[in-house]
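Below is one structure, written out as structure tokens; the observations come after it.
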Amino acid sequence: MSDGADRQLHDAVTGLAHGDAAAFELVVRRFQSMVFSLAYHFSHDRALAEDMAQEVFLHLHRNAASIKSPSHLEYWLRRVTVHRCIDHARRNRIAFASLNSEKEPIARPPESDPLLSRKLRQIVATLPARRRMVVLLRFQEELELHEIAEMMGMPINTVKSYLQRSLEFLRAKLDRCLGDVRV
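In the working numbering, the protein residues as written are 5 to 187.
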């Protein structure tokens with residue numbers, strides 16, 4: 005971000021605490037894609053992701069006085085989004101389609117193949133909510149393990165364990181789906 009954009013965001017955070025509507029609008033415009041993207045990649049449902057994003061920003065509006073800085077704002081928005089996604093999955097016991105019912109491809113597609121991307125998204129969607137969120141925060145949001153641990157309120161060793169087990173699960177499922185064909 006440029007110095008002007010940094011200053012503008014800093015001023016917006018200050019304005020949030022005072023109920024400044026223009027500051028809130030600037031914050032929403034700046035962070036709506038991050039919040040929506042995280043919710044969408046977790047739920048794979050555009051309407052649900054939009055609803056969750058709206059809930060997150062409504063929660064921000066109600067708690068704007070607690071935001072201390074632009075970095076705290078970004079952290080706070082991610083954390084609230086993470087918890088909204090996990091809470092929604094728990095409340096609604098989201099069921100995911102079994103991968104056993106789909107035909108398996110005969111050969112491994114190239115890395116840029118949309119089939120592989122789709123299959124990987126489907127497999128990630130079968131992970132339990134907390135493990136799925138750890139994977140999304142690590143690889144989509146590119147957060148460090150200690151940041152994920154702090155954001156999700158769990159010990160770093162639990163994050164490491166979730167990530168390791170999830171990656172083993174994903175590798176095994178991909179190997180099973182794509183076969184032993186090596187490129």
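For each residue, glycine too, the CB sits at the ideal point set by N, CA and C.
(request) Please name the residue, chosen from Tyr79, Ala25, Leu30, that lies closest to Glu146 on a Cα-to-Cα basis. (result) Locating residue 146 in the sequence shown gives position 142, counting from the first residue. Closest option to Glu146, Cα to Cα, is Tyr79.
(request) Keeping to the same chain, check which residues put their C-beta closer than 7 angstroms to that of Ser170; ignore five residues upstream and five downstream. (result) As a first step, residue 170 must be located in the sequence shown, where it is residue number 166. Excluding positions up to five away in sequence, the list reads Leu131, Arg135, Val138, Val139.
(message) My assumption, with CB atoms under 8 angstroms, is that Ala133 sits in contact with Ala93. Please give the rounded CB distance.
(response) Locating residue 133 in the sequence shown gives position 129, where the first residue counts as 1. Locating residue 93 in the sequence shown gives position 89, where the first residue counts as 1. At roughly 4 angstroms, the Cβ-Cβ gap stays under 8 angstroms, so Ala133 and Ala93 are in contact.
(request) Could you work out which residue in Ile71, Glu154, Ser73, Asp49 is closest to His87 when comparing CA atoms only? (result) Here residue 87 is taken as the residue at index 83 of the sequence shown, counted from 1. When only C-alpha atoms are compared, the closest one is Glu154.
(message) For His76, report the span of its alpha helix (DSSP H) as first-last.
(response) In the sequence shown, counting from the first residue as 1, residue 76 sits at position 72. From DSSP, the alpha helix (DSSP H) with His76 extends over 74-96.
(request) Report the three-state DSSP secondary structure of Ile71 (helix, strand or coil). (result) Translated into the one-based positions of the sequence shown, residue 71 becomes position 67. Three-state result, Ile71: coil.
(request) Go to Gly19, then tell me how far its alpha helix (DSSP H) extends in each direction, as first and last residue. (result) By one-based count along the sequence shown, residue 19 stands at place 15. Start and end: 7-21.
(message) Quick check on the DSSP output: what are the complete alpha helix (DSSP H) runs of length 4 or more inside the segment 123-170, in order along the chain?
(response) 133-143, 149-156
(request) Would you mind giving the Cβ-Cβ distance between Ala26 and Gly19, rounded to the nearest angstrom? I have them listed as a contact below 8 angstroms. (result) Walking along the sequence shown from the start, residue 26 turns up at place 22. Walking along the sequence shown from the start, residue 19 turns up at place 15. Indeed they touch by this definition, with Cβ atoms about 7 angstroms apart.
(request) Could you check the C-alpha separation between His45 and Ile160 for me, to the nearest Å? (result) Here residue 45 corresponds to residue number 41 of the sequence shown, with the count starting at 1. Here residue 160 corresponds to residue number 156 of the sequence shown, with the count starting at 1. Distance between the alpha carbons of His45 and Ile160 is about 23 angstroms.
(request) Determine the DSSP secondary structure at His48, reduced to helix, strand or coil. (result) Within the sequence shown, the letter at position 44 stands for residue 48. It is coil, neither helix nor strand.
(request) Would you decide whether Ser47 is buried or exposed? Buried here means 16 or more other CB atoms lie within 10 Å of its CB. (result) As a position in the sequence shown, residue 47 is number 43, starting the count at 1. Buried, because 16 or more other Cβ atoms sit within 10 Å of the Cβ of Ser47.
(message) If distances are taken between C-alpha atoms only, which option among Thr162, Arg180, Ala16, Arg175 comes closest to Pro74?
(response) Residue numbering aside, residue 74 sits at position 70 when the sequence shown is read from its first letter. Nearest option by C-alpha distance: Ala16.
(message) Just verifying my parser: in three-state terms, what is the DSSP assignment at Asp55?
(response) Stepping through the sequence shown from its first residue, residue 55 is reached at position 51. Helix.
(request) Compare the beta carbon distance of Leu77 and Met38 with 8 angstroms and say whether it is the shorter of the two. (result) Along the sequence shown, one-based indexing puts residue 77 at 73. Along the sequence shown, one-based indexing puts residue 38 at 34. In this structure, Met38 does not lie closer than 8 angstroms to Leu77 by Cβ.
(request) Please name the residue in Asn96, Leu30, Leu182, Glu54 whose C-alpha comes closest to that of Ser41. (result) As a working note, residue 41 is residue 37 in the sequence shown. Among Asn96, Leu30, Leu182, Glu54, the Cα nearest to that of Ser41 is on Glu54.
(message) To the nearest angstrom, how far is the alpha carbon of Met158 from that of Gln12?
(response) Start at 1 with the first residue of the sequence shown, and residue 158 comes out as number 154. Start at 1 with the first residue of the sequence shown, and residue 12 comes out as number 8. About 33 angstroms.
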